[in-house]
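In what follows, a structure is listed as structure tokens, so that the remarks can point back to it.
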Amino acid sequence: MSELRVLLVDDEEELVSTLVERLGFRGIQADYALDGYQALDKMKSGDYQVVVLDLKLPGMAGTDVLQRITHDYPGIPVLLITGHGSPVDGQPSQLEGAYDYLVKPVKLDVMVDRIREAATAHDRQ
Amino acid sequence: MTDSNSHKAEQKAKTDVAFFGRITASVTHELNNVISIVDQNAGLLDDLVAGEARGVPISLERLESVSRAIQNQTQRGLQIIERLNKFAHSTDFTEAECDVNLTIGNLVELSQRLASLKRMKITFAPAQVTVHVTGSGLVLQRVVFSALELALTNGTAGTTISVMVKPDDQGAVVLIEFSADSGVQKDHEAEARSTVEQIGGRLEVGSSENGVKVSVYLPGALTG
Numbered sequence: 001m002s003e004l005r006v007l008l009v010d011d012e013e014e015l016v017s018t019l020v021e022r023l024g025f026r027g028i029q030a031d032y033a034l035d036g037y038q039a040l041d042k043m044k045s046g047d048y049q050v051v052v053l054d055l056k057l058p059g060m061a062g063t064d065v066l067q068r069i070t071h072d073y074p075g076i077p078v079l080l081i082t083g084h085g086s087p088v089d090g091q092p093s094q095l096e097g098a099y100d101y102l103v104k105p106v107k108l109d110v111m112v113d114r115i116r117e118a119a120t121a122h123d124r125q
Numbered sequence: 001m002t003d004s005n006s007h008k009a010e011q012k013a014k015t016d017v018a019f020f021g022r023i024t025a026s027v028t029h030e031l032n033n034v035i036s037i038v039d040q041n042a043g044l045l046d047d048l049v050a051g052e053a054r055g056v057p058i059s060l061e062r063l064e065s066v067s068r069a070i071q072n073q074t075q076r077g078l079q080i081i082e083r084l085n086k087f088a089h090s091t092d093f094t095e096a097e098c099d100v101n102l103t104i105g106n107l108v109e110l111s112q113r114l115a116s117l118k119r120m121k122i123t124f125a126p127a128q129v130t131v132h133v134t135g136s137g138l139v140l141q142r143v144v145f146s147a148l149e150l151a152l153t154n155g156t157a158g159t160t161i162s163v164m165v166k167p168d169d170q171g172a173v174v175l176i177e178f179s180a181d182s183g184v185q186k187d188h189e190a191e192a193r194s195t196v197e198q199i200g201g202r203l204e205v206g207s208s209e210n211g212v213k214v215s216v217y218l219p220g221a222l223t224g
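The following block contains the structure:
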């Protein structure tokens, strides 16, 4: 079975680089982008099965990145990462187009489960 | 209190709360990032130990680098908490002697994440002498932030906002310089001007070597 390929999008490089290493130990081949522009650039060549996207990004907003990905790559599930209290409490429309959301700080086991669920949903399409 | 004064007081309380919420939301998001990094690095240590148990040796350098990452983030978190604590205590008194250098310096640091989301940075240069104004520390920061927000909203991505404090005959002046490809939107300027005038200050928007220069003249005693 080939490894799952995941793109993590978050501007905290120390966080995503650590996640890449830990996901690797769990059979998930992850790559990261530090802003929306890098993410869209990597999407062109990455052949990713799941995207994990922080809503708070420098420059292009996470919601705009989500729209672009769901428009350009309609089959690829996007898991959103939000801070406490958002978006379900305030702006549920931010979830539109996303497969699901996770609240920061995210436990790795939870993230792995959601990534696998999303990838399975993607494979069924 | 007349209806008009009561309405003004209510409006002021609302704007103070909105400003407080804006800053604390941004800073606690950053704190959340710090906790996440510490949590993932602690988890990475567990992963490495589990690997060792399966016969994958851990290098001393790797352990040291994870430990250093945790220490650095702990330090970062403590700095954020200290700044946030100072900010929270600025609500303690409605009438206090505020050190403009310290108060605005702290506000600038608390605003760095908002700037980074706009792909900008803020530098701060205090006045060479101690400058005080009397009034509410929270109101002082809200008023200066309204001018800083002109830079955050209208400034060019990838550039630096410079904030300086200087003494003034009346009280103090806070100078904010930034690049803005399309200048400052008039409605934004009018809103910031109105905010500054409410405390008896004056706002001027002009040009500088770097682009736009916003001067916030603070009275010795903040009114309103």
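Line by line, the protein sequences are chains S and P.
The opening position of the first sequence corresponds to residue 1 in our numbering, with each subsequent residue numbered one higher.
The opening position of the second sequence corresponds to residue 1 in our numbering, with each subsequent residue numbered one higher.
All C-beta atoms in this analysis are idealised placements derived from N, C-alpha and C, irrespective of residue type, glycine included.
Chain S residues whose Cβ lies nearer than 8 Å to that of residue i
| i | result |
| --- | --- |
| P/Ser-36 | Glu-12, Leu-15, Lys-104, Pro-105 and Val-106 |
| P/Ala-53 | Correct list: empty, because the minimum Cβ distance to chain S is about 13 Å. |
Cβ of residue i within 8 Å of any chain S Cβ
| i | result |
| --- | --- |
| P/Arg-193 | no |
| P/Asp-181 | no |
| P/Ala-157 | yes |
| P/Gly-6 | This sequence places Ser at residue 6 of chain P; Gly is not what is there. Closer than 8 Å: no. |
| P/Ala-69 | yes |
| P/Gln-75 | no |
| P/Ser-116 | yes |
| P/Gln-40 | yes |
| P/Asp-187 | no |
| P/Asp-47 | yes |
Pair within 8 Å by beta-carbon distance, residue i and residue j
| i | j | result |
| --- | --- | --- |
| P/Val-144 | P/Val-216 | yes |
| S/Leu-161 | S/Arg-114 | Absent from the model: residue 161 of chain S. The displayed extent of chain S is 1 to 125, so no value can be given. |
| P/His-188 | P/Asn-210 | no |
| P/Val-165 | P/Ala-172 | yes |
| P/Ser-90 | P/Gln-141 | yes |
Contacting residues, own chain, Cβ-Cβ under 6 Å from residue i (five flanking each side not counted)
| i | result |
| --- | --- |
| P/Val-196 | Val-143, Leu-203 and Val-216 |
| S/Leu-23 | Ala-30 |
| P/Val-214 | Ala-147, Leu-150, Ile-176 and Val-205 |
| P/Asn-106 | Arg-83 and Lys-86 |
Contacting residues, own chain, Cβ-Cβ under 8 Å from residue i (five flanking each side not counted)
| i | result |
| --- | --- |
| P/Val-49 | Ile-58 |
| P/Gln-185 | Thr-153 and Asn-154 |
| P/Asn-191 | Inspection of the sequence shows that residue 191 of chain P is occupied by Glu rather than by Asn. Only Ser-146 meet the Cβ criterion. |
| P/Ala-42 | Ile-70 |
Under 9 Å by beta carbon: chain S residues contacting residue i
| i | result |
| --- | --- |
| P/Arg-119 | Asp-35, Pro-58 and Gly-59 |
| P/Gly-43 | Thr-18, Arg-22, Lys-107 and Leu-108 |
Buried versus exposed, by CB contacts within 10 Å (16 or more), residue i
| i | result |
| --- | --- |
| P/Asn-5 | exposed |
| P/Arg-68 | exposed |
| S/Ile-76 | buried |
| P/Lys-14 | exposed |
| S/Met-45 | With the sequence shown as reference, residue 45 of chain S is identified as Ser, and Met is not the correct amino acid for it. With fewer than 16 other Cβ atoms within 10 Å, it is exposed. |
| P/Glu-30 | buried |
| S/Lys-56 | buried |
| S/Thr-120 | exposed |
Contacting residues, own chain, Cβ-Cβ under 7 Å from residue i (five flanking each side not counted)
| i | result |
| --- | --- |
| P/Gly-201 | Val-143, Val-216, Tyr-217, Leu-218 and Pro-219 |
| P/Val-108 | Ile-122, Phe-124 and Val-163 |
| P/Arg-193 | Leu-203 |
is_contact[residue i, chain P] using C-beta, thresh 8 Å
| i | result |
| --- | --- |
| S/Gly-75 | no |
Within chain P, the residues that residue i reaches when beta carbons sit closer than 7 Å
| i | result |
| --- | --- |
| S/Gly-83 | His-29 and Asn-32 |
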